[in-house]
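Structure first, commentary second.
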Amino acid sequence: PGQVWPEKVTAADVVQDGAEVILIGHRSTQWYSGANNPPPVLITARVDGDKIKAGPIAEVLRGVELGQQVDQDQIVTLFGARGPEVNAVAALADQLRKQVVGDVVTWVHNRNINYTNVCTFKCKFCGFSKGPLSLNLRGTPYLLTLDDIALRASEAWDKGATEVTLQGGIHPDFDGDYYIDVARAVKDAVPQMHIHGFTALEVTEGAKRLGEPLHEYILRLKDAGLASLPGTAAEILDDDIRAIICSDKINTEEWLECHRVAHKAGLRSNITIMFGSVEHPISWAKHIVRTRDLQKETGGFTEFVGLPFVHMASPIYLQHKSRRGPTFRETVLMHAIARIAYHGLIDNIQVSWTKIGQDGARQLLQAGCNDMGGTLMNENISRAAGASHGQEMTEQSFREIVEPIGRTLRQRSTLYDKNYDKNHDKNYDKNTEFAAH
Numbered sequence: 012p013g014q015v016w017p018e019k020v021t022a023a024d025v026v027q028d029g030a031e032v033i034l035i036g037h038r039s040t041q042w043y044s045g046a047n048n049p050p051p052v053l054i055t056a057r058v059d060g061d062k063i064k065a066g067p068i069a070e071v072l073r074g075v076e077l078g079q080q081v082d083q084d085q086i087v088t089l090f091g092a093r094g095p096e097v098n099a100v101a102a103l104a105d106q107l108r109k110q111v112v113g114d115v116v117t118w119v120h121n122r123n124i125n126y127t128n129v130c131t132f133k134c135k136f137c138g139f140s141k142g143p144l145s146l147n148l149r150g151t152p153y154l155l156t157l158d159d160i161a162l163r164a165s166e167a168w169d170k171g172a173t174e175v176t177l178q179g180g181i182h183p184d185f186d187g188d189y190y191i192d193v194a195r196a197v198k199d200a201v202p203q204m205h206i207h208g209f210t211a212l213e214v215t216e217g218a219k220r221l222g223e224p225l226h227e228y229i230l231r232l233k234d235a236g237l238a239s240l241p242g243t244a245a246e247i248l249d250d251d252i253r254a255i256i257c258s259d260k261i262n263t264e265e266w267l268e269c270h271r272v273a274h275k276a277g278l279r280s281n282i283t284i285m286f287g288s289v290e291h292p293i294s295w296a297k298h299i300v301r302t303r304d305l306q307k308e309t310g311g312f313t314e315f316v317g318l319p320f321v322h323m324a325s326p327i328y329l330q331h332k333s334r335r336g337p338t339f340r341e342t343v344l345m346h347a348i349a350r351i352a353y354h355g356l357i358d359n360i361q362v363s364w365t366k367i368g369q370d371g372a373r374q375l376l377q378a379g380c381n382d383m384g385g386t387l388m389n390e391n392i393s394r395a396a397g398a399s400h401g402q403e404m405t406e407q408s409f410r411e412i413v414e415p416i417g418r419t420l421r422q423r424s425t426l427y428d429k430n431y432d433k434n435h436d437k438n439y440d441k442n443t444e445f446a447a448h
């Protein structure tokens with residue numbers, strides 16, 4: 012099922028670099044995000060031959076080595092890498108990673124709290140949200156009480172978590188004060204907990220429902236305990252693509268403006284990109300350049316997180332209107348190119364293990380990535396879309412990924428505090444404040 016995309020139907024016996032298919036006996040299978048299938052091995056031991064000698068890719072990489080910043084067209088060129096070119100892009104990205112953050116791989120102990128799956132928006136990629144039960148849509152709608160949310164935060168703290176990530180659907184009965192009440196409930200239960208919460212859609216919608224200026228509303232969220240924002244709801248920051256996958260959602264400029272205002276209010280956030288549904292590399296390049304421009308303006312982004320589209324239960328895929336997610340080649344390139352494009356502006360490139368899996372994560376750590384993200388107790392959104400990599404990781408699981416490639420694992424705070432103290436009573440960011448540029 013699904014549309015036919017040229018690089019996904021190449022016969023297994025003529026693929027030279029293993030970028031799109033894996034051979035298992037006489038059976039050919041394709042890697043896709045969220046599945047248990049191991050990815051093809053694209054990142055091999057570093058050798059002098061990783062440097063390609065000629066061609067458009069080599070020209071762009073030489074410019075990067077000379078200190079040039081890649082522009083939108085050059086980013087598109089890099090996404091066209093094939094075969095040995097993929098390893099060359101990854102090798103340069105990993106060289107930059109080592110220069111900036113060394114051989115340490117970080118992780119944060121956190122819990123996801125998805126407080127409702129009822130949503131008035133109709134994003135065509137989302138397998139998580141539900142309508143009212145009266146509509147007989149698949150799955151059961153739910154809404155956690157404030158006491159439920161506070162209890163989950165307390166349980167997370169008792170298990171060693173230092174962060175809760177708060178996200179959910181846009182419930183028709185919510186007013187903007189709901190999000191403030193949620194933040195306050197968590198802070199009242201666990202004052203030390205870092206609240207990483209509320210997408211740009213939730214924040215913008217909350218302010219809109221109250222008729223309140225965005226800046227004032229974000230300051231009220233901050234006063235209630237919000238410490239940072241996730242980058243989700245960005246999807247692809249290209250309005251031509253958003254018109255297809257999330258036409259009723261905030262547009263590109265509204266997402267950027269929400270994060271701009273949050274940064275000016277002293278809150279940090281991150282950049283995410285959901286890739287591999289209906290878009291092309293030009294949209295990826297636009298997304299990277301637009302967020303990079305905002306980072307130059309404010310300095311408020313802490314990391315970049317690539318989120319490969321998980322197709323299995325996604326409505327747009329089930330309607331045969333999207334790809335089956337990105338290829339592993341594209342996934343490697345997304346993270347490697349992010350390291351190259353954001354160099355000097357964003358130090359941390361994160362692997363989404365829920366979507367990529369442990370084998371894939373190990374390869375991405377050799378292609379410019381330095382962070383494994385969170386333990387994600389109770390991660391529901393990827394699983395609702397069909398991902399099967401589990402709902403929680405442990406420190407030992409992370410260690411089993413990083414140690415075979417000679418890297419050192421280190422627990423971090425949400426904001427990568429350099430003075431982080433692993434003592435649980437002090438396991439929160441010492442200073443969540445920062446001054447935007």
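Every position in the sequence shown, counted from 1, becomes a number in this note's numbering once 11 is added.
Cβ atoms here follow ideal geometry from the backbone N, Cα and C, with glycine treated the same way.
Owing to the predicted nature of the structure, the values given are computational and were not obtained by experimental measurement.
Environment of residue i [buried if 16+ CB atoms lie within 10 Å]
i	result
Asn123	buried
Glu314	buried
Thr117	buried
Pro276	This sequence places Ala at residue 276; Pro is not what is there. It is buried - the Cβ of Ala276 has at least 16 other Cβ atoms within 10 Å.
Thr55	exposed
Thr151	exposed
Leu72	buried
Gln377	buried
Phe113	The sequence shown places Gly at residue 113, not Phe. It is exposed - the Cβ of Gly113 has fewer than 16 other Cβ atoms within 10 Å.
Lys233	buried
Val413	buried
Gly355	exposed
Simplified DSSP assignment, three categories, for residue i
i	result
Ile284	strand
Glu174	strand
Leu375	helix
Thr215	helix
Arg279	strand
Arg108	helix
Leu248	coil
Val81	coil
Met345	helix
Thr263	helix
Val452	Residue coverage of the chain in this structure runs from 12 to 448, which leaves residue 452 outside it and unanswerable.
Ile255	helix
Ile63	coil
Ile351	helix
Val52	coil
Ile181	coil
Val129	strand
Residue span of the alpha helix (DSSP H) that contains residue i, given as start and end
i	result
Trp42	Element bounds for Trp42: n/a, residue is neither H nor E.
Thr151	Segment: none, Thr151 is in no alpha helix (DSSP H) and carries neither H nor E.
Arg195	188-200
Leu426	Looking at the DSSP string, Leu426 is not in any alpha helix (DSSP H), and its letter there is neither H nor E.
Lys307	292-309
Asp169	157-169
Arg93	Looking at the DSSP string, Arg93 is not in any alpha helix (DSSP H), and its letter there is neither H nor E.
Ile357	Note, Ile357: premise wrong, no alpha helix (DSSP H); not H, not E.
Phe409	406-413
Between the CA atoms of residue j and residue i - distance to the nearest angstrom
i	j	result
Asp193	Asp199	This sequence places Val at residue 193; Asp is not what is there. Going by the C-alpha atoms only, they are around 10 Å apart.
Val75	Ile351	8 Å
Lys307	Glu268	14 Å
Leu237	Ala161	14 Å
Ala99	Lys62	6 Å
Ala324	Met388	21 Å
Arg334	Val321	10 Å
Phe312	Thr419	24 Å
Asp158	Phe209	18 Å
Ala235	Gly179	18 Å
Tyr126	Thr176	10 Å
Leu221	Phe90	43 Å
Asn381	Asn359	6 Å
Ala65	Leu107	21 Å
Terminal residues of the beta strand (DSSP E) in which residue i lies
i	result
Val362	Counting along the chain, Val362 falls outside any beta strand (DSSP E), and DSSP gives it neither H nor E.
His331	Here His331 belongs to no beta strand (DSSP E), and DSSP marks it neither H nor E.
Val116	115-119
Leu237	237-240
Asp382	382-385
Val316	312-319
Gly208	205-208
Glu419	Checking the displayed sequence, the identity of residue 419 turns out to be Thr instead of Glu. Element bounds for Thr419: 419-422.
Cβ-based neighbour list, residue i, same chain, cut-off 7 Å, excluding 5 preceding and 5 following
i	result
Gln83	Ala296, Lys297, Val300
Leu212	Ile181, Ala244, Lys260, Ile261
Val201	Ala164, Ser165, Trp168
Glu246	Arg253, Ile256, Cys257, Met285
Leu375	Val343, His346, Val362, Ile367
Trp364	Ala372, Met383, Gly384, His400, Met404
Close beta carbons around residue i, own chain, < 8 Å, minus the five adjacent residues each side
i	result
Asp251	Ser294
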